[in-house]
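Using our numbering, read the sequence shown as starting at 1 and increasing by one per residue.
One structure is given below, encoded as structure tokens.
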Amino acid sequence: LSGAEWQKQSIYQILTDRFARTDGSTTEQCAITSYCGGTYKGLINHLDYIQGMGFTAVWISPIVKNLEGDTPHGTAYHGYWAQDIYSLNENFGTEQDLIDLSAALHARGMYLMVDIVTNHMGYNGCGDCVDYSLLKPFDNSGYYHPFCEINYDDDNSVRTCWEGDNQVSLPDLKTEDSNIRSTFSEWIQDLVAKYSIDGMRIDSVKHVEKDFWPGFLEAAGIYGIGEVLDGNPAIYGDWQQYMQGLMNYPLFYWVQETFSNPSATMDNLVNGINTLKGQADTAALGVFIENHDQKRFASLTGDMSLAKNAIAFTLLSDGIPILYQGQEQHFSGGDTPNQREALWTSGYNTESELYQLVATVNQVRNHTLAARNAESGYVKYQAWSVYSDSHSVAMRKGDVIGVFSNLGSGGSGYQITISGGNTGYAGGEEVVQVLGGDCNVVTADGAGGLNVDVGPDPVVLYKASALEGSGLCGR
Ligand code: ABC
Ligand code: CA
1 LSGAEWQKQS IYQILTDRFA RTDGSTTEQC AITSYCGGTY KGLINHLDYI QGMGFTAVWI
61 SPIVKNLEGD TPHGTAYHGY WAQDIYSLNE NFGTEQDLID LSAALHARGM YLMVDIVTNH
121 MGYNGCGDCV DYSLLKPFDN SGYYHPFCEI NYDDDNSVRT CWEGDNQVSL PDLKTEDSNI
181 RSTFSEWIQD LVAKYSIDGM RIDSVKHVEK DFWPGFLEAA GIYGIGEVLD GNPAIYGDWQ
241 QYMQGLMNYP LFYWVQETFS NPSATMDNLV NGINTLKGQA DTAALGVFIE NHDQKRFASL
301 TGDMSLAKNA IAFTLLSDGI PILYQGQEQH FSGGDTPNQR EALWTSGYNT ESELYQLVAT
361 VNQVRNHTLA ARNAESGYVK YQAWSVYSDS HSVAMRKGDV IGVFSNLGSG GSGYQITISG
421 GNTGYAGGEE VVQVLGGDCN VVTADGAGGL NVDVGPDPVV LYKASALEGS GLCGR
């Protein structure tokens, strides 16, 4: 699938070991650093749960064979400690199971994204004691940079020293060597073909020299979205010369600080978005507020209204929305590995408040993508702030206006006015409040301006005339 097509998708992020077991258990305990029994078969059996929230693609954690047994940081249940890139991690199932997963997704019109690591392999032991003969196909020290610990202030060190630590070392490949590059190119081409993979999430992108990426992406022939874990918006434009798809970490930090704290103002968020828009192609970025490396939002605040605002804000931002499993159940794990809870303990509850919120917001996005000119009318339309004050912001993206606040559940509401020139509405236009279940209709004034009640919960507005066939508010 091309990058342009991916920009119309929305992605649900899965840690395969923690999403669903083959036996469908919802009670099995999960010891947080051990394999907990999630499989591709289990996942196939729960695709309704994902599609029911309106997601069109799943990103699964790395699939290749990892180092076995226990380490000081637990087992390789997450998949980032590769030992043999030509075999699968059998804890998650067989080759046929993965082929079946891919086919099951495609039968639903959904897409498969696989997490790919090319920066390093994994070894259970210190950096100077690696038994390279265990690693396939890069089976001697000549394939690797000499061991050193990363100094994050030095870009060269970030590229050539080793991620991980001296207990579980991550031997850092000489990705600049042409034979390593061609091995990876052939490998990814075969992998994509064998499992009908539609997209890649690419790990540790900033740890590999930039000019590795264009050739790798070309060999893969599919869209890649890279992890450059950096909150500085200024570096994204340059990175996009090499890899257009990237995780939007700057937005992650702004949304987190703004919506987790009722005493923060909207300034950093609004200014940050404007800065990033001027420097990067935001439509190609992945937007998220949680993943398997970061503290969950609910570990920062248990406030349900704030969680709703943060989620709705990201799902309606420029770029490809990504939701990490468990967010829809208000899971609250903190630092690694505690944010990697087994999802099954939620009982796959489709009635939970956040599951319902996500479903509705995705429905709005999917409807507008299908009904309008998806490219120019939504995907390429850069969201802009049509109103803001210290605790609320109204963002317009095409036909959709979202009004978000960080008042929190205890905050008292007030009315704001979005001026006519900004809404894009005709005078007297009827607009429906599609979130929250009441489906209130608000009528624009003669100039298209709108008075909106801001409260603790987010508001999403959509023209009544454009709602037909959306399934929203019974239309
Ligand atoms: C294990 C244990 C941990 C233990 C660690 C030493 O070992 O679980 O408890 O602390 C995998 C596993 C992890 C495992 C690691 C290491 O391997 O999932 O459980 O940790 O063995 C990716 C993946 C991640 C994966 C790997 C390795 C890479 O998403 O799941 O981890 O394959 C760096 C990397 C980034 C990596 C991340 C975990 O670490 O760049 O690719 N993620 C700064 C740096 C970042 C750095 C980050 C680490 O610190 O700039 O490069 O990420 O926290 C902002 C700045 C940022 C700054 C942040 C902190 O502040 O703008 O630049 O990030 O304001
Ligand atoms: Ca490297």
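The beta carbon of each residue, even a glycine, is placed where N, CA and C say it ideally should be.
Candidates the options, of which the one nearest residue i by Cα
i, options, result
"Arg-159", "Asn-349, Gly-469, Lys-174 and Ala-219", "Lys-174"
"Asp-17", "Tyr-35, Gly-24 and Lys-8", "Tyr-35"
"Leu-191", "Pro-62, Thr-336, Asp-211 and Tyr-348", "Pro-62"
"Arg-201", "Glu-209, Ala-193, Ala-220 and Lys-210", "Ala-220"
"Tyr-111", "Gly-54, Asn-140, Asn-268 and Tyr-144", "Gly-54"
"Asp-128", "Ile-116, Val-168 and Val-114", "Val-168"
"Asp-238", "Ser-405, Ala-280, Pro-262 and Phe-259", "Ala-280"
"Tyr-378", "Leu-407, Gln-327, Val-364 and Phe-288", "Val-364"
"Met-304", "Gly-3, Gly-79 and Ser-260", "Ser-260"
"Thr-368", "Ser-470, Ser-388 and Gly-424", "Ser-470"
"Ala-371", "Ser-2, Lys-8, Arg-21 and Cys-148", "Lys-8"
"Gly-428", "Ala-444, Asn-140, Thr-258 and Gly-347", "Ala-444"
"Tyr-387", "Lys-308, Gly-420, Gly-215 and Cys-161", "Gly-420"
Through-space distance from residue j to residue i, alpha-carbon basis
i, j, result
"Ser-182", "Glu-218", "12 Å"
"Gly-398", "Lys-206", "33 Å"
"Leu-467", "Leu-435", "13 Å"
"Val-403", "Asn-440", "14 Å"
"Ala-284", "Lys-380", "9 Å"
"Tyr-324", "Tyr-144", "33 Å"
"Gly-74", "Asn-66", "12 Å"
"Asp-154", "Lys-210", "15 Å"
"Val-452", "Val-442", "8 Å"
"Phe-252", "Ser-317", "11 Å"
"Thr-265", "Lys-194", "49 Å"
"Tyr-462", "Ser-10", "20 Å"
"Ser-157", "Gly-164", "13 Å"
"Ser-412", "Ser-405", "11 Å"
"Ser-299", "Glu-290", "11 Å"
"Asp-172", "Gln-241", "24 Å"
Start and end residues, beta strand (DSSP E) containing residue i
i, result
"Ala-82", "82 to 88"
"Gly-402", "400 to 405"
"Tyr-324", "320 to 324"
"Ala-374", "That residue, Ala-374, is in no beta strand (DSSP E); it is neither H nor E in DSSP."
"Val-208", "No beta strand (DSSP E) contains Val-208, which DSSP labels as neither H nor E."
"Leu-461", "459 to 463"
"Leu-285", "285 to 287"
"Lys-397", "392 to 397"
CB contact flag (residue i, residue j, <8 Å)
i, j, result
"Asn-119", "Ser-204", "yes"
"Val-358", "Ile-320", "no"
"Val-255", "Thr-314", "yes"
"Leu-15", "Arg-340", "yes"
"Pro-337", "Ser-409", "no"
"Phe-19", "Leu-354", "no"
"Leu-134", "Gln-189", "no"
"Val-454", "Val-400", "no"
"Trp-59", "Tyr-223", "no"
"Ser-102", "Ser-196", "yes"
"Gly-272", "Gly-245", "no"
"Gln-51", "Arg-108", "yes"
"Thr-275", "Pro-233", "yes"
"Ile-418", "Gly-449", "yes"
"Asp-97", "Thr-39", "yes"
"Ile-85", "Val-64", "yes"
"Glu-227", "Met-247", "yes"
"Val-231", "Lys-295", "First, the amino acid is wrong: residue 231 is Gly here, not Val. The answer is no: Cβ separation not under 8 Å."
"Leu-88", "Met-121", "no"
"Leu-47", "Leu-1", "no"
"Phe-297", "Ile-322", "no"
"Glu-149", "Cys-161", "yes"
N- and C-terminal bounds of the alpha helix (DSSP H) containing residue i
i, result
"Ile-488", "Given that the chain is displayed from residue 1 to residue 475, the structure contains no residue 488 and the question cannot be resolved."
"Leu-43", "40 to 44"
"Leu-357", "353 to 371"
"Asn-451", "Element bounds for Asn-451: not the alpha helix (DSSP H) but the beta strand (DSSP E), 450 to 454."
"Trp-384", "Element bounds for Trp-384: not the alpha helix (DSSP H) but the beta strand (DSSP E), 384 to 388."
"Gln-256", "249 to 259"
"Gly-224", "Element bounds for Gly-224: not the alpha helix (DSSP H) but the beta strand (DSSP E), 223 to 226."
"Arg-18", "16 to 19"
"Thr-350", "First-last for Thr-350: undefined, no H or E at that position."
"Ile-418", "Careful: Ile-418 lies outside any alpha helix (DSSP H), inside the beta strand (DSSP E) at 414 to 418."
Chain C within 8 Å of residue i, Cβ atoms only
i, result
"Val-130", "The displayed structure is made up of one protein chain only, and chain C is not part of it."
### Message
Runs of 4 residues minimum, wholly inside the region 112 to 198: which ones carry the alpha helix (DSSP H) assignment?
### Response
Under the rule that a run must span 4 or more residues, the alpha helix (DSSP H) segments found entirely inside the region 112 to 198 read 155 to 160 and 178 to 195.
### Ranges of the alpha helix (DSSP H) found wholly within the region 51 to 110, counting only runs of at least 4
95 to 107
### Query
What does the shell around ligand 4 hold, if a residue joins when its beta-carbon is under 7 Å from any heavy atom?
As for ligand 4, it is missing from this structure, which binds only ligand 1 and ligand 2.
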